[in-house]
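Numbered by our numbering, the letters in the sequence shown go through residues 2 to 397 in order. In this text, a Cβ means the ideal position worked out from N, Cα and C, and glycines have one as well. If you're wondering where the values come from, they're calculated on a predicted model, not measured in any experiment. What follows is a single structure, written as structure tokens, with notes after it.
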Amino acid sequence: MIDSKQKNNVLLRLSEIVLQNKTQIIEANTMDKNALINDDTSMEDRLKVDDAKIEGMSRSLKEVAQMDEPVGKLLYEFTREDGLHIENRTVPFGTILIIYESRPDVTIEAAATAFKAGNRILLKGGKEAFHTNSLLTQLWKKAFSENNVDEGYVEYLHLTHNETQKLIVENSNKVDLIIPRGGENLIKFVVDNATVPVIISGRGNNFLYVDQDSDFQMAVRIILNGKSRISVCNALDKVLIDGNLPNLKEKVDLLVKKLKTNNIEVLGDNKTTCLNADIVEIDDDKILFEEFLAPKIYLTTVQGLNDAINIINKYCGKHSSTIVTNNKDHADTFMEQIDCAAVYHNASTRFTDGGQFGVGGEIAISTQKLHFMGPLGAQQLVTNKWFIYGKGHTRD
């Protein structure tokens, strides 16, 4: 097994190599961007790699290297009366397959997270990022080679759609864990066909509830921040406003004006279009299930805290939800009862991110309760194993 010093040396060297190859990375990414055949703004945003993204990759690698060693942590120990000593310690999963689209920074940050935890990682990115991902994988190989570490710790899979499906079904690469990061069809196929554990990195579709007792100016700032990027899974899509909020129409008018000034299309049901004529009416609750990944947001009114909680738990993607309120009891109830990986009081959902949470670049944001919920950093990409030490012990 690779030791902690070797892992950290690889990560720190890769951090340098990424910066040294900034020009080449941007050139490869430009080839990918030029090959896009549609005008999908969200896809373009996820695909783009610029100076800031590259510096972020380098910084993330340093942060992961500086974190505590995830492997070998003692979780439990017990010595029986007969001297048999029992320990439970953290160990790597083994080989992790991650399937993702667009975002080339995943090739660096997800792989770094898995590698820090002692895992081998198979990367299957989308064809739209072919040139960028291929170059970033070469940089991984260079860092491994310079530190005399097996280059097989990170492998990039150039597979067709059918070949990827076959890999999932047959598990020909002896994968121990699969993490699908993509659309619902991909996730459903993996869940239905994989023969190994799956961690679902689900969609966003994040909600915000404005309580009757709240600072509405604060709510507006948080809502606008939630739409500051449209292509990310921590973006805000739905806003629920307590129908008993004082001066409701005036406040809805203010919010709609601010959103439209920021080129955000405002959708709503007949309860909100009655309050503001600039809201586009959509009276189909299917929209409440939808993750937009677009410059639009949906507004509706609700009958208090319990109504908001019920709506969010029914329609959200179990990713992130926030309440804006001055009432601590309401905040506590909301945060305890909302079924999401991350729940917020008076803060933007845009913080749901491994780097922002102090766990480094995450491999995914899990929206399921097993093995872990929320951003998956190196500390979460381990499992546990029992180690038993005896001296010829036998059981009667």
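Let's test the definition: count the other Cβ atoms within 10 Å of the Cβ of residue i and tell me whether it reaches 16, buried, or not, exposed.
| i | result |
| --- | --- |
| E129 | buried |
| Q25 | exposed |
| N9 | buried |
| I200 | buried |
| D106 | buried |
| L241 | buried |
| I223 | buried |
| K175 | exposed |
| G393 | exposed |
| K30 | Note on residue identity: the sequence assigns Asn, not Lys, to residue 30. Burial call: buried. |
Excluding five sequence neighbours on each side, which residues of the same chain lie with their C-beta closer than 8 Å to the C-beta of residue i?
| i | result |
| --- | --- |
| Y316 | N206, F208, K239, D286, L289, F290 |
| K167 | S173 |
| K272 | G244, T301, T302 |
| E185 | R204 |
| A23 | What sits at residue 23 in the sequence shown is Lys, not Ala. For K23, where only same-chain residues beyond five positions count, the Cβ hits under 8 Å are D52, I55. |
| N134 | P105, T108, L124, G126, Y157 |
Take residue i and list the residues in its own chain whose beta-carbon comes closer than 6 Å to its own, dropping the five residues that flank it on each side.
| i | result |
| --- | --- |
| L306 | H331 |
| E78 | E88 |
| Q213 | D243, N245, L246 |
| E110 | S61, G362 |
| T138 | Y157 |
| R47 | S103, R104, S232 |
| K63 | S16 |
| V170 | N194 |
| Y345 | T323 |
What are the boundary residues of the beta strand (DSSP E) that includes residue i?
| i | result |
| --- | --- |
| F208 | 207-211 |
| F79 | 75-80 |
| T350 | Where T350 is concerned, there is no enclosing beta strand (DSSP E), given that its DSSP letter is neither H nor E. |
What's the C-alpha gap between residue i and residue j?
| i | j | result |
| --- | --- | --- |
| G95 | K34 | 34 Å |
| D177 | V72 | 17 Å |
| F352 | T323 | 11 Å |
| I180 | P93 | 15 Å |
| T420 | T80 | Nothing in the structure corresponds to residue 420, since the chain is present only between 2 and 397. |
| Y157 | S5 | 23 Å |
| V192 | L371 | 14 Å |
| L249 | I313 | 21 Å |
| I3 | W141 | 16 Å |
| Q471 | T262 | No answer is possible for residue 471: the residues shown for the chain start at 2 and end at 397. |
| A112 | L124 | 8 Å |
| M336 | Y390 | 44 Å |
| D270 | Y299 | 8 Å |
| E164 | G356 | 33 Å |
| D354 | G378 | 10 Å |
| Q218 | A195 | 47 Å |
| S349 | N235 | 9 Å |
| V253 | N226 | 17 Å |
| I265 | R230 | 11 Å |
| A188 | D83 | For the sequence presented, residue 188 should be read as Ile rather than Ala. Whole-angstrom Cα-Cα distance: 49 Å. |
| L85 | D397 | 14 Å |
| A309 | Y210 | 7 Å |
| D333 | A220 | 18 Å |
| Y101 | E251 | 43 Å |
| G132 | F190 | The amino acid occupying residue 132 in the given sequence is His; Gly does not appear at that position. Their backbone Cα atoms lie some 26 Å apart in a straight line. |
Could you give the first and the last residue of the continuous alpha helix (DSSP H) run that contains residue i?
| i | result |
| --- | --- |
| V107 | 106-117 |
| V257 | 249-262 |
| R60 | 52-67 |
| V233 | Counting along the chain, V233 falls outside any alpha helix (DSSP H), and DSSP gives it neither H nor E. |
| H162 | 162-171 |
| Q338 | 329-338 |
| F217 | 217-227 |
| R204 | Segment: none, R204 is in no alpha helix (DSSP H) and carries neither H nor E. |
| F293 | From DSSP, F293 is part of no alpha helix (DSSP H); its letter is neither H nor E. |
| T31 | 23-35 |
| H132 | 131-147 |
Can you list, in chain order, the residues of its chain with a C-beta nearer than 7 Å to that of residue i? Leave out the 5 residues immediately preceding and following it.
| i | result |
| --- | --- |
| A115 | I97, I122, I364, L382 |
| A144 | V11, R14, L15, I18 |
| V257 | V267, N277, D279, I280 |
| S215 | V325, T326, N327 |
| F388 | E88, R90 |
| K319 | G203, D340, C341, A342, T368 |
| G119 | M2, I3, V72, P93 |
| Q304 | G244 |
| A295 | S43, I231 |
| K74 | R90, T91 |
List the DSSP bridge partners of residue i.
| i | result |
| --- | --- |
| W387 | N89 |
| L178 | I97 |
| A343 | S321 |
| Y299 | K239, L268 |
| G375 | S367 |
| V155 | I122 |
| E17 | E17 is not bridged to any residue. |
| E282 | G269 |
| V199 | I179 |
Between residue i and chain B, is there a C-beta pair that is closer than 7 Å?
| i | result |
| --- | --- |
| L76 | As a matter of chain content, chain B is missing from the structure shown, which is built from one protein chain. |
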